[in-house]
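Chemist: For reference, the structure I am asking about is given below.
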Amino acid sequence: MAPLWLWTIAALCVGLVWKAVTKLLLKPWILEAKLRRQGIRGPPRSILSGNVKHIFEIRTHVEAKCIEGPITHDIMDYVQPHHLQWAKLYGQPLRWWWGSEPGVVLTDLDMIKEVLYNKAGAFWNSNWQRQLQIDLLGRGMAVVNGDEWALRRRILAPAFHADKIKASERKSLQSSSLDIKSCSSCYKQGHRVFELLDQVGELVYRKFSSQWIQSKLPFSKINRDIKAVNAEVRSTLEEIVQVRKDQTAAGEIEGYGSDLLGVMLKEVDAEHYDAKTGLSFTIDGLMEECKTFYIAGHNTSAK
Numbered sequence: 080m081a082p083l084w085l086w087t088i089a090a091l092c093v094g095l096v097w098k099a100v101t102k103l104l105l106k107p108w109i110l111e112a113k114l115r116r117q118g119i120r121g122p123p124r125s126i127l128s129g130n131v132k133h134i135f136e137i138r139t140h141v142e143a144k145c146i147e148g149p150i151t152h153d154i155m156d157y158v159q160p161h162h163l164q165w166a167k168l169y170g171q172p173l174r175w176w177w178g179s180e181p182g183v184v185l186t187d188l189d190m191i192k193e194v195l196y197n198k199a200g201a202f203w204n205s206n207w208q209r210q211l212q213i214d215l216l217g218r219g220m221a222v223v224n225g226d227e228w229a230l231r232r233r234i235l236a237p238a239f240h241a242d243k244i245k246a247s248e249r250k251s252l253q254s255s256s257l258d259i260k261s262c263s264s265c266y267k268q269g270h271r272v273f274e275l276l277d278q279v280g281e282l283v284y285r286k287f288s289s290q291w292i293q294s295k296l297p298f299s300k301i302n303r304d305i306k307a308v309n310a311e312v313r314s315t316l317e318e319i320v321q322v323r324k325d326q327t328a329a330g331e332i333e334g335y336g337s338d339l340l341g342v343m344l345k346e347v348d349a350e351h352y353d354a355k356t357g358l359s360f361t362i363d364g365l366m367e368e369c370k371t372f373y374i375a376g377h378n379t380s381a382k
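According to my numbering, the sequence shown is numbered sequentially starting from 80.
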């Protein structure tokens, strides 16, 4: 009779194989069948990468073609060429795969409104897509789900109310005693954040186009590089936050200010704790939101 440890190893191996078969084959087959019954079709999937490799091939071909061709305002062929090609073949709504997770492309306005206005947490981000977004955006509002998303929304929404924005504009126009040194310092740090985010974006794009297994390994070179650049982004954002704290301590700004950073710093200081969900807004959450909004403002007038 085989020793107990051998049976244990065999059981673990069987469990891992079953888990892999369930994740990569059984669940996708079941989901595919459900979508087909609803009339939602799409391109066939690779067992490991889904349609990711095909997407990269289409985008690479189209990007080379767009660079050589004339300038046009019709950007859909460049931004989402795979969606356009597949829609012609399979119709709308369109199904495609991130690894073993399906995604559905919607063009119907009523369906889009239902997803965007939904507050029940029924529409969650794909886990694989979230991982790519986390690398680029951090764990900000654009990435978190459920109760955590609701908490962030409650905290951040007031900073974008019309009266707050108007008041902030008036203060900016009326201010005549700006500290040139601190402004210069923040500008340099902010500019450095944008440079680093460009690097992260390039790395994430390479990760997106790499082999599925390599992108999943935490110690692969691409993941180590992303982690290193994101660590520098974090340290630079910490310097920017510290400048605001120093300005408040010196009496240059009252109560951290009324802009987005000020609203978040006040919430961190308040240490509000939601007993129902076990969530609170910490300095880590503030850093993640700063990164998200830097990305949102990159290459826009907000920059």
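Glycine included, each C-beta is placed from N, C-alpha and C at the ideal position.
Quick one: measure Cβ to Cβ for E346 and I234, integer angstroms, because I've assumed they're closer than 8 Å.
Modeler: Contact flag correct, Cβ pair sits at about 5 Å.
Chemist: Relative to the C-alpha of F135, which candidate in G330, R285, D214 has its C-alpha closest?
Modeler: Measuring from the Cα of F135, the nearest candidate turns out to be R285.
Chemist: Which first and last residues belong to the alpha helix (DSSP H) in which E180 is found?
Modeler: E180 -> not in any alpha helix (DSSP H); beta strand (DSSP E) instead, spanning 180-184.
Chemist: Taking the beta strand (DSSP E) that L173 falls in, what are its first and last residues?
Modeler: Looking at the DSSP string, the run of the beta strand (DSSP E) that includes L173 is 173-177.
Chemist: When DSSP labels each residue in this structure, what does D304 get in the three-state scheme?
Modeler: Residue state, collapsed to three classes: helix.
Chemist: So the alpha helix (DSSP H) L230 belongs to, where does it begin and stop?
Modeler: From DSSP, the alpha helix (DSSP H) with L230 extends over 225-235.
Chemist: Leaving out five residues before and five after Y335 in sequence, what residues of the same chain have Cβ atoms less than 7 Å from its Cβ?
Modeler: Excluding positions up to five away in sequence, the list reads R323, T327, G341, L344, K345.
Chemist: Under a Cβ-count criterion, where at least 16 other Cβ atoms within 10 Å of its own Cβ denotes burial, should V141 be classed as buried or exposed?
Modeler: Flag for V141 reads buried.
Chemist: Is R218 helix, strand or coil by DSSP?
Modeler: Residue state, collapsed to three classes: coil.
Chemist: Run through the region 290-376 for me and flag every whole beta strand (DSSP E) of 3 or more residues, listed as ranges in chain order.
Modeler: None, since the region 290-376 contains no complete beta strand (DSSP E) of that length.
Chemist: DSSP three-state label for R285, please.
Modeler: If DSSP states are grouped into helix, strand and coil, R285 belongs with the helices.
Chemist: Which same chain residues end up closer than 7 Å to L358 when comparing Cβ atoms and leaving out the 5 residues on each side of it in sequence?
Modeler: So the qualifying residues of the chain are D226, E227, L230.
Chemist: Please list, in chain order, all residues of the same chain as T356 whose beta carbon is under 6 Å from its beta carbon, the five residues on each side excluded.
Modeler: Same-chain partners within the cutoff: D226.
Chemist: Assess contact between the region 272-279 and the region 301-315, defined as three or more Cβ pairs (one per stretch) separated by less than 8 Å. Is contact present?
Modeler: Short answer: they touch.
Chemist: Ordered along the chain, which non-local residues of its own chain (more than five positions away) have a Cβ less than 7 Å from that of L121?
Modeler: It is Gly, not Leu, that sits at residue 121 in the sequence shown. The residues are W165, Y169, L173, R174, W175.
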